[in-house]
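> Mapped onto the working numbering, the consecutive letters of the sequence shown carry residue numbers 1 to 143. Okay, here's the structure, questions in a sec.
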Amino acid sequence: MGITEIAGLILLGVAVVMALFAWRRIRLLREGGVHVALRSRFDDRGRGWHLGVGHYRGDSFAWFRVLSLGSGPDEMISRDGLEIDARREPTGPEAYAMPVGATVLRCRSASGEVEIAMGPDALTGFLSWLESAPPGRSIPWAS
1 MGITEIAGLI LLGVAVVMAL FAWRRIRLLR EGGVHVALRS RFDDRGRGWH
51 LGVGHYRGDS FAWFRVLSLG SGPDEMISRD GLEIDARREP TGPEAYAMPV
101 GATVLRCRSA SGEVEIAMGP DALTGFLSWL ESAPPGRSIP WAS
């Protein structure tokens, strides 16, 4: 086998993996997903963000990382006990890893803290989902 055949096989493999990433992302978006960036490790320099697709599943918000071929969600955020601690605009270095026009929410729950960045339409949907908890639960940002 020559160099050209090996290079061709490598390029074919890369193309197949990229096609699988694209197919998974499109499938998640068609099933009602929204573009969301997420980070669970906080860094003052704006690092640690990962692009993904969020999907509402009843009382949970499932987050799927874009560059993953796993079939299940990478993060599950439960609506029960979820509180929004802060809301801010992205800083310069972190804006590259977020949807256009994103707002960053710092959220706290029993499982820890997480920051979620989403565009205006996705943010409206997320806040509505959070507020629409069944009767008897308090609104997480009202004290």
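In this text, a Cβ means the ideal position worked out from N, Cα and C, and glycines have one as well.
With C-beta atoms as the reference, is Arg65 less than 9 Å away from Gly48?
The answer is no: Cβ separation not under 9 Å.
> If distances are taken between C-alpha atoms only, which option among Gly8, Trp63, Leu105 and Met18 comes closest to Leu127?
With distances taken between Cα atoms, Leu127 lies closest to Leu105.
> Among the candidates Arg88, Gly81, Val34 and Leu69, whose CA atom is the shortest distance from the CA of Ala62?
Answer by Cα proximity: Val34.
> How about the segment 94-111 and the segment 10-27: do they share at least three Cβ pairs that are nearer than 8 Å?
The segment 94-111, when compared against the segment 10-27, does not touch it at the 8 Å Cβ threshold.
> Whose C-beta lies closer than 6 Å to the C-beta of Gly101 among residues of the same chain, with five residues either side of it excluded?
These residues qualify, in order along the chain: Gly119 and Pro120.
> Pick out whichever of Asp74, Ile3 and Gly70 has its Cα sitting closest to the Cα of His50.
The shortest Cα separation from His50 among Asp74, Ile3 and Gly70 belongs to Asp74.
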